[in-house]
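First the structure, in the form of structure tokens, and then the observations on it.
In my numbering, the protein residues as written are 30 to 335.
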């Protein structure tokens, strides 16, 4: 089997993004992540690691991307493997899957912590995909996330509190960006560290709501699939000092209307934790008009310990 190529330059990721958009156009979005997930997971979720250690892609004899994989070392070990539609569930797919698993285990030993298990996801939209995972030795674990979508036909009214405004963030905003990320999720960023994420290749939109005192009250990253005319919100957060004010909803409504007017976007996606774990986010997206599309389930393979 031809070995994959490790990340060398931003165009490697861009080629994978273009391939994924066309695969989605050809075969639908079942068990294909959005194009924006690639960049976000590589440079944000994988911020501790070098991209050449966690991103690989395969080419065919015509130099066409036919598969790629992202490796992750959180929630134990995970990998997201995408292959061209015509290769799904073939021997070539099995080879790519096994290479990804083996390389994840070896990379975790070298870069992070030895793994006790490996996790892969399924959108529960194609029984054949789940059968494929079971055939590779994985067992269903749990329903962990929900992918939701919005068709942009009915966008609700929502406005910022008086004096607040929207702003497209730039590299001059890193202190405020680190602050709003820290107070929305885990406190792990400073301006320099988040700057390495923000200024990494292939950044698109980071849109914020600015409070009267100049702080960022809410933020979202927006990723555009220009082939399928869709966007992805990933992530979405509101500063703990500004919750229960309708700011997150107003920001998402603003983005939907803006992307529809400027780019002709026809559909939007956002993935969130289940309502019993994070009821606030589920309620927010529901209030904006997002509706469940795919359940995200974990499949797990336990590793024998020596």
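Where a beta carbon is used, it is the ideal one built from N, C-alpha and C, also for glycine. Bear in mind that the values here come from a model prediction, so they are computed numbers and not experimental data.
Backbone secondary structure at residue i - three-state DSSP
i           : result
residue 217 : coil
residue 124 : helix
residue 183 : coil
residue 194 : strand
residue 204 : helix
residue 327 : strand
residue 209 : helix
residue 105 : coil
Contact under 9 Å by Cβ, residue i with residue j
i           : j           : result
residue 41  : residue 108 : no
residue 313 : residue 281 : yes
residue 174 : residue 302 : yes
residue 98  : residue 48  : no
residue 246 : residue 238 : yes
residue 226 : residue 73  : yes
residue 134 : residue 147 : yes
residue 159 : residue 295 : no
residue 87  : residue 50  : no
Buried or exposed by the 16-neighbour rule on C-beta atoms within 10 Å, applied to residue i
i           : result
residue 64  : buried
residue 278 : buried
residue 91  : exposed
residue 183 : exposed
residue 157 : exposed
residue 292 : exposed
residue 223 : buried
residue 79  : exposed
Integer Cβ distance of residue i from residue j, believed to fall under 8 Å
i           : j           : result
residue 233 : residue 253 : 6 Å
residue 34  : residue 168 : Rounded, the Cβ-Cβ distance is 31 Å, inconsistent with contact.
Could you name each continuous beta strand (DSSP E) segment of 3 residues or more that falls completely within the region 220-251, going from the start of the chain to the end?
-> 234-239
Pick out the complete beta strand (DSSP E) segments inside the region 273-322, 3 residues or longer, and give them in chain order.
-> The DSSP assignment places complete beta strand (DSSP E) segments of no fewer than 3 residues inside the region 273-322 at 296-302, in order along the chain.
Segments of 4+ residues assigned as alpha helix (DSSP H) that fall wholly inside the region 36-100 | 39-56, 64-69, 80-83
Any beta strand (DSSP E) of 3 or more consecutive residues that is wholly inside the region 107-166 = Those beta strand (DSSP E) runs which fall completely within the region 107-166 and span 3+ residues are 146-151.
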